[in-house]
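Numbering (UniProt numbering), first residue to last: 1 to 121.
Just so you know, even glycine gets a beta-carbon here, dropped at the ideal spot from N, CA and C.
Keep in mind that this is a model prediction, so the values were computed, not measured.
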């Protein structure tokens with residue numbers, strides 16, 4: 001059980017460090033509007049899935065930019081985190097923010113339609 005707690009703590013630390021690195025160190029315009037939404041680290045620390053979203057929806061080019069900067073990001077993480085094994089970073093687009101926004105729009109439309117129908121009666 002404590003092993004899972006440690007991987008969770010490592011994942012949270014990687015997320016914080018990556019968010020700072022992306023914001024301050026990466027000059028690639030494809031990565032400019034990227035937000036790191038989560039990190040999952042394998043139990044053996046060999047791999048980490050880095051979930052991201054981009055505000056303008058251009059996630060394919062953001063993923064290309066992140067993958068291009070992956071080696072740099074991993075080396076910077078190795079400097080700041082004291083881990084015996086630094087995980088390979090795998091960038092995955094997180095569509096949950098986009099789905100949440102879409103659901104919110106649908107709810108707003110339903111409420112407006114319901115209000116319009118109640119005003120008509």
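Check	Outcome
Helix, strand or coil at residue 38 [DSSP, three-state]	strand
Backbone CA spacing between residue 31 and residue 22 [nearest angstrom]	7 Å
Same chain, Cβ closer than 6 Å to residue 115, five either side skipped, listed in chain order	none
Cβ-based burial, residue 83 [other Cβ within 10 Å; buried from 16]	exposed
C-beta contact flag for residue 85 and residue 45 at 8 Å	yes
Cβ distance (whole Å) where residue 53 is taken to contact residue 92 below 8 Å	Not quite, the Cβ-Cβ distance comes to about 10 Å (not below 8 Å), so this is no contact.
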